[in-house]
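Right, one structure below, let's go through it.
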Amino acid sequence: MDNLYDLILLNISLFFLILVRVSGIFIAAPVFGRNNLPMIMKIALSMLIAFILLPIISISTTVQYNSFLELAINTTREFLLGMIIGLICFIYFSTLYLAGTIIDTQMGFSMVNVLDPQTNSQMPIMGNYYNIIVTLIFLAVNGHHLIIRGLIYSFELLPVGFNFTIEEDFIVKLIAIMAEVFILAFRFSAPILGTIFLANVLLGILARTMPQMNVFIVGMPLKIMVGLITVLITLQFLTPFSEMLFSKMFEALFEMIQILARG
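Take the sequence shown: its position 109, counted from the start at 1, is 109 in the UniProt record's numbering, and no numbers get skipped.
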């Protein structure tokens, strides 16, 4: 234990910068960045990970700063790197919110939202429902370990003090990620959209053949019932979709780190 304390004291600047990058992930990353997690818990986990990484990183990295301004610039840079890693993971998790918004709009739940404790904002009912299930799957398959592995990989390609720049390749990849998230959300919600579309066609036929029937009164509960039944039927495909989503998320994360390392 004394050796660990001595290592920290000898590399206090390095330990601080590692802690800053880890803290950036704990602000933006899914699971780690949830607002309902106690702040003291986030700080403790950040310091624990920094403790574990310090002996490994100190072997190949030596940090010395001659001015407070230089330390402040590198601190900001490390925090941005952590935020970028967490933000990429969060963007892919937003697929569930976008799919839920599309589904709620078609089912008639667009005016009914719930409070998401992670973002402190109103979220669609189905989006929040899917997000809770996918988060549990993410924890079950040790996805949070892969986020930490991505953090370690970032220290290999982007060591502490690395001067990276945001260039065109980074922006292009970020736009590609946004487009991919939209496509994934539409693919996920397609079965429910299809069944509700068929229900709307049926209601249109009934409105033409039975003009005395109030389609607006019948249509709303019918679409909700059809949508919920389809959600239950398609729930079995949520696990393979989640695995594909996690795979694409970590591929994009490692590729973005490589792009920043080239810049």
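Just so you know, even glycine gets a beta-carbon here, dropped at the ideal spot from N, CA and C.
Task: Given 8 Å, three or more beta-carbon pairs between the region 194-204 and the region 242-253 - done: Cβ pair count under 8 Å is below three, so no.
Open item on the list: Mapping the DSSP letters down to three states, classify ARG77 as helix, strand or coil.
Closed with: Taking the sequence shown and counting its residues from 1, one reaches residue 77 at position 77. Three-state DSSP puts ARG77 in a helix.
Open item on the list: Comparing C-alpha positions only, which one of PHE246, GLY150, PHE170, ILE57 sits nearest to residue 264?
Closed with: This structure gives no information on residue 264, because the portion of the chain shown stretches from 1 to 263.
Open item on the list: Buried or exposed for residue 296, going by 16 or more other Cβ atoms inside 10 Å?
Closed with: There is simply no residue 296 to check, as the chain begins at 1 and stops at 263 in what is shown.
Task: LYS223 versus GLN212, PRO240, PHE197, residue with shortest Cα-Cα distance - done: The residue labelled residue 223 in the question sits at position 223 within the sequence shown. In terms of CA proximity to LYS223, PHE197 leads the group GLN212, PRO240, PHE197.
- [ ] Just the C-alpha distance for PHE216 and THR195, rounded to the nearest angstrom, thanks.
- [x] Within the sequence shown, the letter at position 216 stands for residue 216. Within the sequence shown, the letter at position 195 stands for residue 195. Rounded to whole angstroms, PHE216 and THR195 show a C-alpha spacing of 18 Å.
Task: Within 8 Å, strictly: CB atoms of residue 341 and ASN11 - done: Residue 341 cannot be examined here, being either before or after the span of the chain that is shown, 1 to 263.
Task: Exposure label - ASN74; buried when at least 16 CB within 10 Å - done: Locating residue 74 in the sequence shown gives position 74, where the first residue counts as 1. ASN74 is buried by the Cβ-count criterion.
- [ ] Assuming VAL22 contacts SER46 (C-beta within less than 8 Å), just tell me the rounded distance between them.
- [x] Translated into the one-based positions of the sequence shown, residue 22 becomes position 22. Translated into the one-based positions of the sequence shown, residue 46 becomes position 46. Between SER46 and VAL22 the Cβ distance is about 5 Å, and since that is below 8 Å, they are a contact.
- [ ] Please confirm whether PHE155 and ILE57 have their CB atoms less than 8 Å apart.
- [x] The sequence position of residue 155 within the sequence shown is 155, counting from 1. The sequence position of residue 57 within the sequence shown is 57, counting from 1. With respect to ILE57, PHE155 sits close: the two C-beta atoms are nearer than 8 Å.
Open item on the list: Could you give the first and the last residue of the continuous alpha helix (DSSP H) run that contains SER67?
Closed with: Here residue 67 refers to the residue found at position 67 of the sequence shown. Premise fails: SER67 is in no alpha helix (DSSP H) and is neither H nor E.
- [ ] Locate the alpha helix (DSSP H) running through GLU167, then write down its first and last residues.
- [x] Position 167 of the sequence shown, counted from the start, is the residue given in the question as residue 167. Neither: GLU167 is in no alpha helix (DSSP H) and is coded neither H nor E.
Open item on the list: Between which two residues does the alpha helix (DSSP H) holding PRO240 run?
Closed with: Here residue 240 is taken as the residue at index 240 of the sequence shown, counted from 1. Note, PRO240: alpha helix (DSSP H), 238-262.
Task: DSSP three-state assignment for GLN106, whether helix, strand or coil - done: On the sequence shown, residue 106 is found 106 positions in, with the first residue counted as 1. DSSP places GLN106 in helix when its eight states are reduced to three.
Task: GLN236 classed as buried or exposed, judged by whether at least 16 other C-beta atoms fall within 10 angstroms - done: Taking the first residue of the sequence shown as position 1, residue 236 is located at position 236. With fewer than 16 other Cβ atoms within 10 Å, it is exposed.
Open item on the list: Between the alpha carbons of LEU69 and PHE93, how many angstroms are there, rounded?
Closed with: In the sequence shown, the residue the question calls residue 69 occupies position 69. In the sequence shown, the residue the question calls residue 93 occupies position 93. Taken atom to atom, the span from the alpha-carbon of LEU69 to that of PHE93 is near 36 Å.
Open item on the list: Tell me the DSSP secondary structure of MET41 in three-state form.
Closed with: Here residue 41 is taken as the residue at index 41 of the sequence shown, counted from 1. Per DSSP, reduced to three states, the secondary structure at MET41 is helical.
Task: Endpoints, alpha helix (DSSP H) assigned at LEU14 - done: Residue numbering aside, residue 14 sits at position 14 when the sequence shown is read from its first letter. Annotation: the continuous alpha helix (DSSP H) that includes LEU14 extends over 12-28.
Open item on the list: Quick check: the Cα distance between GLN212 and MET107, rounded to an integer number of angstroms?
Closed with: Against the sequence shown, residue 212 aligns to sequence position 212. Against the sequence shown, residue 107 aligns to sequence position 107. Each residue's alpha carbon lies about 24 Å from the other.
Task: Unbroken alpha helix (DSSP H) run spanning ARG34, endpoints - done: In the sequence shown, counting from the first residue as 1, residue 34 sits at position 34. Careful: ARG34 lies outside any alpha helix (DSSP H) and carries neither H nor E.
Task: GLY143 (DSSP reduced to helix, strand or coil) - done: Residue 143 sits at position 143 when you count from the first residue of the sequence shown. In this structure, DSSP gives GLY143 a helical state, which the three-state scheme calls helix.
Open item on the list: Any heavy atom of the ligand SAH closer than 7 Å to the beta-carbon of SER242?
Closed with: Ligands in the displayed structure: none, and consequently the ligand SAH is not present.
- [ ] In angstroms with no decimal places, state the Cα-to-Cα distance between TYR153 and TYR97.
- [x] Numbered from its first residue, the sequence shown carries residue 153 at position 153. Numbered from its first residue, the sequence shown carries residue 97 at position 97. TYR153 and TYR97: Cα-Cα distance of roughly 28 Å.
Open item on the list: Checking 8 Å against the spacing of the C-beta atoms, do residue 270 and THR239 come in under that value?
Closed with: With the chain running from 1 to 263 in the structure shown, residue 270 is simply not present.
- [ ] Would you identify the three-state DSSP class for GLY161, choosing helix, strand or coil?
- [x] Sequence index remark: in the sequence shown, residue 161 carries index 161 (1-based). Reduced to three states, the DSSP call for GLY161 is coil.
Open item on the list: Considering Cα atoms alone, identify which of LEU151, PHE90, LEU184, ILE175 is closest to GLN258.
Closed with: On the sequence shown, position 258 is the one that residue 258 refers to. Residue LEU151 is the option with its Cα nearest to GLN258.
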